[in-house]
Structure formats: C-alpha cells, structure tokens
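**Q** Quick one: the structure is below, questions incoming.
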C-alpha cells in the first residue's frame with residue numbers, strides 16, 4: 638500500500654469544502670478529478686500503455702510522439718521537472734489556452750490570421 642501524506646485529511650477536507658462552494662456551477666465536478674493535457678497522438682500512447690509518463694521517461698521509451706514544449710523553455714527547465722508529470726486541478730487553464738490556440742469568438746478578431 639502507498640503511504641499517505643501527513644496532510645491527507647486536510648487536503649480531503651479542502652476538496653470537500655471546494656466541492657460545496659462550487660455546487661450548481663459548471664465547475665461542480667472539477668475537485669473530483671485531475672486533468673492532463675497532451676496532443677491527441679500522445680493520448681493514444683497513454684491509453685495504449687495505460688501510463689502517463691514524464692517527458693524524460695516518454696522520450697526514453699520512444700513514447701513522446703509529439704512534443705508541444707517550447708525548445709527555449711525546455712532548455713532552461715530543471716531536469717527534476719522533466720522527470721515529473723504535469724497535472725492540473727481544473728480544465729481551461731491559461732497553459733491550455735495559449736498552447737492549444739482555442740479562442741472565443743470575442744477574442745478571435747484580435748489575432749491576425751495569415
């Protein structure tokens with residue numbers, strides 16, 4: 638069995654309180670999940686393997702089909718971070734907004750499309 642963190646009870650209480658505050662909103666279910674964003678081709682690999690690998694492990698295993706990371710950012714990233722998996726506690730993050738190019742109709746007129 639995996640050892641539990643010392644503050645597990647506090648975290649669970651926080652999530653329960655958060656769920657109560659978000660009732661009757663589109664965000665009601667968010668505290669029950671973690672989210673991971675990747676290219677669809679990488680997602681196929683995740684579903685096939687049954688694992689979400691860190692960037693370093695996915696590269697080592699030849700499972701990083703598409704890298705969406707900026708080479709400039711990755712070159713300055715600590716190796717420890719590359720051995721971790723990034724999860725989010727909600728959808729619609731700023732990272733997803735900028736990386737995916739998903740824009741609302743109100744914002745689209747501000748982007749030059751060539």
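In our numbering, the protein residues as written are 638 to 751.
By construction, the Cβ of each residue, glycine as well, lies at the ideal position given by its N, Cα and C atoms.
Where does residue 672 sit, in a helix, a strand or coil, going by DSSP?
**A** Here residue 672 corresponds to residue number 35 of the chain shown, with the count starting at 1. Here residue 672 sits in strand by DSSP.
**Q** Can at least three beta-carbon pairs, one atom from the segment 646 to 654 and one from the segment 704 to 724, be found at a separation below 8 Å?
**A** Contact fails: fewer than three Cβ-Cβ distances are below 8 Å.
**Q** Given a cut-off of 7 Å, decide if residue 718 and residue 678 are closer than it, judged by their beta-carbon atoms.
**A** As a first step, residue 678 must be located in the chain shown, where it is residue number 41. As a first step, residue 718 must be located in the chain shown, where it is residue number 81. No. Outside cutoff.
**Q** Determine, using beta carbons only, whether residue 683 and residue 722 come nearer to each other than 7 Å.
**A** Position 46 of the chain shown holds residue 683. Position 85 of the chain shown holds residue 722. For residue 683 and residue 722, no; Cβs fall outside 7 Å.
**Q** Between residue 672 and residue 728, how many whole angstroms is the CB-CB distance? I'm expecting something under 8 Å.
**A** Taking the first residue of the chain shown as position 1, residue 672 is located at position 35. Taking the first residue of the chain shown as position 1, residue 728 is located at position 91. Contact holds; Cβ gap of about 6 Å.
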